[in-house]
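S.K.: Heads up: the sequence shown begins at 203 in this note's numbering, then just goes up one per residue.
There's a structure below that I have some questions on.
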Amino acid sequence: MHEVALVESLLQSVQEHIHDSGVTGQVRRVEVVIGRLSGVVPEAFRFAFEVLSPDVLGPGCELVIREIPAVCRCRQCGAVSELSEMILYCPRCQSDDVLIEGGRDLLLQSIELDEEAESGDPRPGEPD
């Protein structure tokens, strides 16, 4: 299940982004974009996030997954189409001479934080 490694990388990216931007507060929401052709199983990704994120980001962080379709462009007729199935052919002319133009993505879309904690305690995963 490579989703565990992907979530570990995501959590590291979230920590780095927060550190580099100098913001403080508890991470409450992380939004990712997962394309249908990315090879990522959204349910497995969510499970790995639920297991790993509390130790890194703290408890209660919500993961929002936005799935995007596979998109292809036909080299024969020029049609740009969303693929409803993982069969790579043009829905208009049935040609298999298509280019994949979207749906391979795995992107960190946004991070939402609460206001800085009053206690001044470091966030989980940060040194004391």
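Glycine residues also receive a C-beta, built at the ideal position from the N, C-alpha and C atoms.
1. May I have the straight-line CA-CA distance separating glutamate 205 from glycine 280, to the nearest angstrom?
2. According to DSSP, which residues form a beta bridge with arginine 312?
3. Tell me which residue opens and which closes the beta strand (DSSP E) that arginine 248 is part of.
4. Along the alpha helix (DSSP H) that carries serine 283, what are the first and last residues, could you check?
5. Among the candidates Glu218, Val232 and Leu239, whose CA atom is the shortest distance from the CA of alanine 272?
6. When you compare the region 285-296 with the region 247-260, are there three or more beta-carbon pairs, one atom per stretch, that lie closer than 8 angstroms?
M.R.: Checking against the coordinates, here is how it stands:
1. Per the coordinates, the alpha-carbon of glutamate 205 lies some 35 angstroms from the alpha-carbon of glycine 280.
2. Note on identity: in this sequence residue 312 is serine, with arginine being the wrong assignment. According to DSSP, serine 312 shares a beta bridge with Glu233.
3. From DSSP, arginine 248 is part of no beta strand (DSSP E) but of the alpha helix (DSSP H) over 244-259.
4. Careful: serine 283 lies outside any alpha helix (DSSP H), inside the beta strand (DSSP E) at 282-285.
5. Of the candidates Glu218, Val232 and Leu239, the one whose C-alpha sits nearest the C-alpha of alanine 272 is Leu239.
6. Contact check between the region 285-296 and the region 247-260: fewer than three CB pairs, one atom from each, fall below 8 angstroms, which does not count as touching.
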